[in-house]
Every structure is written in C-alpha cells, then in structure tokens.
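Line by line, the protein sequences give chains A and B.
In terms of the working numbering, the first sequence opens at residue 1148 and continues consecutively.
In terms of the working numbering, the second sequence opens at residue 260 and continues consecutively.
In this text, a Cβ means the ideal position worked out from N, Cα and C, and glycines have one as well.
Predicted model, so just to flag it, every value in this text is computed and none were measured.
See below for the structure under consideration.
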Amino acid sequence: AQKVTQAQTEISVVEKEDVTLDCVYETRDTTYYLFWYKQPPSGELVFLIRRNSFDEQNEISGRYSWNFQKSTSSFNFTITASQVVDSAVYFCALSERNTDKLIFGTGTRLQVFP
Amino acid sequence: DAGVIQSPRHEVTEMGQEVTLRCKPISGHNSLFWYRQTMMRGLELLIYFNNNVPIDDSGMPEDRFSAKMPNASFSTLKIQPSEPRDSAVYFCASSLEGAGTDTQYFGPGTRLTVL
C-alpha cells in the first residue's frame, strides 16, 4: 500500500540557516512519482517538483535541492540559506501508475525567523 | 496562463443549507480532482474525474456530497444538507493526464464554514 511519512511536524530555523525536510515513502509499484508542494500562510498549494522512480539524480533549483534515494525510500528537500518567505507547510506526495491516486504526507511546518 | 479557478474563495453558511463549490480546471487538462483539507485528516481525495467521467468517488464522505463535471471546463461539488463537520478547505486540482502519472495543479481553495 502507498504511504508517505513526514516525521517532522514542525521545524523552526533562523534566517540564512540551511534546513532539510524529510520524506519517506512506501510503495510496491516499480513505477511511481514523488512530489513536493508548498502551502504558504495564504493557503494555496504550490507545486515544487515531480520526480519519477527511474530518475535518481538529485535536483537543484536555486536555493532548493532534492535528494532522491531509492535504497532508503526517501525524497528529502533542502532549503539553503532559508528566508522568511520560505515559511510554509511543505507536503511530500506519492503517486503510483497503477492506483491513479496522489497520496500526501501530513506535512512539515517550517518557520523561518528573521 | 490561468491556473485552476475556484469560487467562492470563502463561504459561510448555516447548518442544513445547500452549498455549491465551483471549479474551472486548466484548459486542456483531462483530469480533475476534488480534495478536502482539515487539521484532523489532512488532505483527502474526495473524487476524481477523467475526461468528465467520475473514475473514483470512494472518498466522498456520504450521500450528502455530490460532484458533477458537465463539460471539460467546469465542475461542481455540492453539499446538501451541510453540517458543521463539513467545515474545511476544499481544493480543486487538475492534471494533463491521470493521477498516477502527471502533476496535479491546485486551485486557491474554498474555505467553507458551516455554523
């Protein structure tokens, strides 16, 4: 069965610190997709990244980077030099080709203080 | 390009009233999803349409909830009669293809309060 675990409920950092948000997933499918979404205080859900199960290359986008490791079933998200605007709830999600559903983790609330 | 559009953004109603939430997906997207977000249960998929046809409605809480997609550019989620426990943020999302393969893009949500 599909499952996404975000063990960190809340993280607080001071601006300019690096922070890593953990995501561990469970799936029996060999073809699946992993996602990260950001939900700022305004409430909308913003798509950040999609990664398929066959592509384990790490990805960097500005201050954001993602580390996908199939060996540990993890898809962690790092924000470098955090800023106050990064304060939000971040959701990791998993979809399997066979089930046609997107399963979300419970989210990690990140607070970045000035 | 316009993203997913939802209306209203906020709805306050009294218990027993009918509530209709509206969604316009991204043009050209074939799949549409309705989610509900609460503190207790997080993000839950309510129903999923592909090419205007309901594919999976197993997440719809009970008969008080119904959803329609009369055409490719419009969907409604109706609650009749509404109850206080229906208070939540309701999101609509769309994707180019099905949920298992493609990215879902979310609307801004409708915050529903049932008094």
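Counting only Cβ pairs nearer than 7 Å, list the residues of chain B close to residue i.
i         : result
Lys1163/A : By Cβ distance, chain B contributes nothing, its closest Cβ being about 30 Å from Lys1163/A, past 7 Å.
Thr1253/A : Gly301
Arg1197/A : Thr362
Phe1194/A : Thr362, Tyr364
Are the Cβ atoms of residue i and residue j separated by less than 9 Å?
i         : j         : result
Gln265/B  : Gly368/B  : yes
Ser1200/A : Asp1176/A : yes
Leu305/B  : Ala326/B  : yes
Val1166/A : Ile1226/A : yes
Ser341/B  : Met274/B  : yes
Leu280/B  : Leu336/B  : yes
Val1236/A : Lys1185/A : yes
Phe350/B  : Leu291/B  : no
Phe1224/A : Tyr1211/A : yes
Glu1162/A : Ser1229/A : yes
His269/B  : Arg344/B  : no
Gly1254/A : Val348/B  : no
Leu1257/A : Val1160/A : yes
Tyr1215/A : Asp1202/A : The amino acid at residue 1215/A is misidentified as Tyr; the sequence shows Phe. Yes, they are a contact pair.
Phe324/B  : Ile314/B  : no
Arg1197/A : Thr362/B  : yes
Write down the C-beta distance between residue i and residue j rounded to the nearest angstrom, noting that I regard them as a contact closer than 8 Å.
i         : j         : result
Val271/B  : Leu374/B  : 7 Å
Leu1241/A : Leu1181/A : 6 Å
Gln1155/A : Ile1250/A : That pair is no contact at about 18 Å.
By a C-beta neighbour count over all protein chains shown, 10 Å radius and 16 as the cutoff for buried, is residue i buried or exposed?
i         : result
Ser334/B  : buried
Glu1243/A : buried
Val1259/A : buried
Val1231/A : exposed
Gly287/B  : exposed
Pro320/B  : exposed
Arg300/B  : exposed
Lys1262/A : Absent from the structure is residue 1262/A, since the part of chain A shown begins at 1148 and ends at 1261.
Pro284/B  : buried
Ser317/B  : exposed
Pro261/B  : One point to set straight first is that residue 261/B is Ala, not Pro, in the sequence displayed. Its Cβ having fewer than 16 others within 10 Å, Ala261/B is exposed.
Gly1209/A : exposed
Val312/B  : exposed
Ser1218/A : exposed
Gln296/B  : buried
Gln1204/A : exposed
Chain B partners of residue i, CB-CB under 9 Å?
i         : result
Phe1182/A : Thr362, Gln363
Name, please, each residue of chain A whose Cβ falls closer than 8 Å to the Cβ of residue i.
i        : result
Leu305/B : Under the 8 Å cutoff, chain A gives no residues; its nearest Cβ is about 12 Å from Leu305/B.
Val312/B : None at all; the shortest Cβ gap to chain A is about 13 Å.
If the cut is a Cβ gap below 8 Å, which residues of chain B does residue i touch?
i         : result
Leu1241/A : Simply none; closest approach about 10 Å.
Glu1191/A : Phe365, Gly366, Pro367, Gly368
Does the ligand ZN have a heavy atom nearer than 8 Å to the CB of residue i?
i         : result
Arg1197/A : Absence of the ligand ZN is noted for the structure shown, with no ligands found whatsoever.
For residue i, return the contacting residues in chain A, with the cut-off set at a CB-CB distance below 7 Å.
i        : result
Phe350/B : Leu1192
Note to self: For a minimum of 3 consecutive residues, which ranges assigned as the beta strand (DSSP E) are wholly contained in the stretch 1189-1235 of chain A?
What the structure shows: Contiguous beta strand (DSSP E) elements confined to the stretch 1189-1235 of chain A occur at 1193-1199, 1206-1208, 1211-1216, 1221-1226, taking only those with 3 or more residues.
Notebook entry, point to check: Where are the beta strand (DSSP E) runs, 3 residues long or more, that stay fully inside the stretch 268-330 of chain B, in chain order?
Noted result: 269-272, 278-283, 290-297, 301-309, 312-315, 324-330
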